[in-house]
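The next block holds one structure in the form of structure tokens; read it before the comments.
In UniProt numbering, the protein residues as written are 1 to 370.
Right, here's the structure in full:
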């Protein structure tokens, strides 16, 4: 779909802002990779070939008996016995010396004339751990980085790279959902206040003052104690207390614009209030609105990280960057945790701020880039 001349000019202005444009590219690559985290870091193979048939463990549950094992529980694909069963085609000798049989098959010294033998294979992700996989390494956690765990492990022996990958995706998705919902509610509320004014504006302002004085942390603690911690409950609570951020800006823009000549002309022509507000007045208020978005985005990320750091955020099993920061504080002898948490937050917040600065300038007709 072709862009309108106005939006084409905005897009060209955004592209001329090199810092914002390259930040968008880098962020898109990072976020795109995180969306496919299961294909990059997982304790299950992407694809398994066994006795001529193909299986996708990351999408479907397969019991160990599917590969010649004894248990109906899900196959532990990282277990040497299960790996041997897959590679050898279900050979019973795998339970005696799985590593030896795998090595023999790899070197070609295994007797392939064994009845029922059929060589299989597994296609693994780049990182053989999910965000909740316990790493099988000797030593006391947290373990330092090595070739197996590029950024080491946390204090429960979970791979830090996998947790950062999944945590980055979770933080961005949480931020996008909360920012979108809070912005929609805030813009609608501010537009109604500014356009109609009078008693509606007065009552709304008093409600916002009372709502803004409510201690949100206490509400979160109470609700989590009653309902339990969950992602969507945290989204709901964050939107509940975050929608007021844009109300003041949008309200001021609508109060200023409602007496301008083009609004009076539209009313005289019988144009509906909804069309006037959201088709004619709102685009003129977008510069001030977009200016606030970087603060809302960074504030939402900081809110999630702070709640996780304090233990009132996502469930403890969730891949949380805030929880990684808490572990860095509690394990000063493991500097790789602090370095990773700081770097991830610094890069993520910087890219988002640069992008939204470019969007803000693109919407500003007074800004031009060479």
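Note that the Cβ used here is the ideal one computed from N, Cα and C, for glycine as well.
Quick one: using the 10 Å Cβ neighbour count with 16 as the cut-off for buried, is residue i buried or exposed?
i: residue 232; result: exposed
i: residue 18; result: exposed
i: residue 134; result: exposed
i: residue 168; result: buried
i: residue 272; result: exposed
i: residue 7; result: exposed
i: residue 71; result: exposed
i: residue 267; result: exposed
i: residue 360; result: buried
I'd like the list of long-range same chain contacts for residue i, defined as Cβ closer than 7 Å, with 5 residues on each side in sequence excluded.
i: residue 4; result: none
i: residue 109; result: Residue placement at residue 109 cannot be trusted, given a pLDDT of 49 that sits under 50; what the coordinates show is reported in the next sentence. Once the five neighbours on either side are set aside, residue 109 has no close Cβ partner at all.
i: residue 20; result: 14, 354, 355, 357 and 358
i: residue 349; result: 298 and 301
i: residue 57; result: 44, 45, 48 and 77
i: residue 216; result: 241
i: residue 306; result: 322
i: residue 317; result: 132
i: residue 331; result: 142, 155 and 337
Does the beta-carbon distance from residue i to residue j come in below 7 Å?
i: residue 55; j: residue 120; result: no
i: residue 288; j: residue 249; result: yes
i: residue 150; j: residue 164; result: no
i: residue 253; j: residue 285; result: yes
i: residue 290; j: residue 224; result: no
i: residue 129; j: residue 159; result: yes
i: residue 334; j: residue 166; result: no
i: residue 235; j: residue 276; result: no
i: residue 59; j: residue 125; result: no
i: residue 127; j: residue 41; result: yes
i: residue 319; j: residue 204; result: no
i: residue 314; j: residue 341; result: no
i: residue 304; j: residue 174; result: yes
i: residue 189; j: residue 247; result: yes
Along the chain, where does the beta strand (DSSP E) that runs through residue i open and close?
i: residue 122; result: 121-123
i: residue 271; result: Where residue 271 is concerned, there is no enclosing beta strand (DSSP E), given that its DSSP letter is neither H nor E.
Quick one: give me the first and last residue of the alpha helix (DSSP H) that residue i is part of.
i: residue 85; result: 80-88
i: residue 279; result: Premise fails: residue 279 is in no alpha helix (DSSP H) and is neither H nor E.
i: residue 218; result: 216-227
i: residue 238; result: 231-242
i: residue 252; result: 247-257
Near residue i, which residues of its chain fall below 8 Å by C-beta distance, leaving aside the five closest residues on each side in sequence?
i: residue 245; result: 182, 186, 292, 295, 296 and 299
i: residue 75; result: 57, 62, 63, 64, 66, 67, 69 and 82
i: residue 281; result: 191, 195, 253, 254, 257, 258 and 263
i: residue 148; result: 135 and 137
Taking 6 Å as the limit between beta carbons, can you name the residues of its chain near residue i, skipping five residues before and five after?
i: residue 237; result: 220
i: residue 327; result: 154, 155 and 337
i: residue 27; result: 351
i: residue 329; result: none
i: residue 193; result: 201, 204 and 251
i: residue 243; result: 182, 185 and 186
Quick one: does residue i have its CB under 7 Å from some CB of chain D?
i: residue 329; result: Judged by its chain identifiers, the structure shown contains no chain D, having just a single protein chain.
Can you tell me whether residue i sits near the ligand ZN, meaning its C-beta is under 6 Å from at least one heavy atom of the ligand?
i: residue 351; result: Ligands are entirely absent from the displayed structure, and the ligand ZN is therefore not among its contents.
- Task: Mind listing, in chain order, the continuous alpha helix (DSSP H) runs of no fewer than 4 residues lying wholly within the segment 309-352?
- Result: 321-330
- Task: Just list the alpha helix (DSSP H) runs in the segment 125-209, keeping only unbroken ones of 4 residues or longer that don't cross its boundaries, in chain order.
- Result: 160-196
- Message: Restricting to runs no shorter than 3 residues, where is the beta strand (DSSP E) found entirely within the segment 6-73?
- Response: Within the segment 6-73, the complete beta strand (DSSP E) runs of at least 3 residues are 47-50 and 53-55.
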